[in-house]
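In this note's numbering, the protein residues as written are 2 to 126.
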């Protein structure tokens, strides 16, 4: 696994510590700079202060869910790329978001082949 061009900065938003830790290790192997937060509210606050290229965003989280977080983040930085994630059947809830350019979806637990495909797509931008 190699670094691709300019080092992309990724914000990982998930209330599950195991998912955050896994994505941190995996994305760092690809050469990405990774910041981890455990809530939608934290993601919104962090994005106001720091610049990111990509957000890995859990849909099902307590308090501020992934859909609301997505809407807030896209208002702050409209050209962000998103990887929405969920272990639940949420496709109907997010179908309008999935039609947007630069938005991907990964089902949890992650299929490594799918995760690698998404990463390869993201490094093209």
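We put the CB at the ideal spot given by N, CA and C, even for glycine. The model shown is predicted, which means the values in this text are computed figures rather than measured ones.
Could you tell me the alpha carbon to alpha carbon distance between residue i and residue j, rounded to whole angstroms?
| i | j | result |
| --- | --- | --- |
| residue 69 | residue 24 | 22 angstroms |
| residue 119 | residue 105 | 7 angstroms |
| residue 4 | residue 30 | Confidence at residue 4 is low in this model, with a pLDDT of 44, below 50, so the placement of that residue is unreliable and no value is reported for it. |
| residue 55 | residue 90 | 23 angstroms |
| residue 92 | residue 43 | 24 angstroms |
| residue 126 | residue 26 | 21 angstroms |
Going by alpha carbons, who is nearest to residue i out of the options?
| i | options | result |
| --- | --- | --- |
| residue 103 | 90, 72, 44 and 80 | 80 |
| residue 59 | 120, 121 and 110 | 110 |
| residue 61 | 48, 49 and 17 | 17 |
| residue 85 | 78, 98 and 77 | 98 |
| residue 49 | 75, 123 and 117 | 75 |
| residue 63 | 40, 126 and 108 | 40 |
Report buried or exposed for residue i, applying the criterion of at least 16 other Cβ atoms within 10 angstroms of its Cβ.
| i | result |
| --- | --- |
| residue 95 | buried |
| residue 28 | buried |
| residue 19 | exposed |
| residue 21 | buried |
| residue 71 | buried |
| residue 113 | exposed |
| residue 15 | buried |
Put residue i into one of helix, strand or coil per three-state DSSP.
| i | result |
| --- | --- |
| residue 39 | coil |
| residue 81 | coil |
| residue 64 | coil |
| residue 51 | coil |
| residue 2 | Residue placement at residue 2 is flagged as unreliable, the pLDDT there being 44, under the threshold of 50; a coordinate-derived value is accordingly withheld. |
| residue 105 | strand |
Given 7 angstroms as the limit, tell me if residue i has its C-beta closer than that to any heavy atom belonging to the ligand MG.
| i | result |
| --- | --- |
| residue 112 | The ligand MG is not among the ligands present in this structure, which contains no ligands whatsoever. |
- Is it a yes or a no for the segment 36 to 53 touching the segment 10 to 17, going by three-plus beta-carbon pairs under 8 angstroms? Taking a cut-off of 8 angstroms on C-beta distances, the segment 36 to 53 touches the segment 10 to 17, as three or more cross pairs fall below it.
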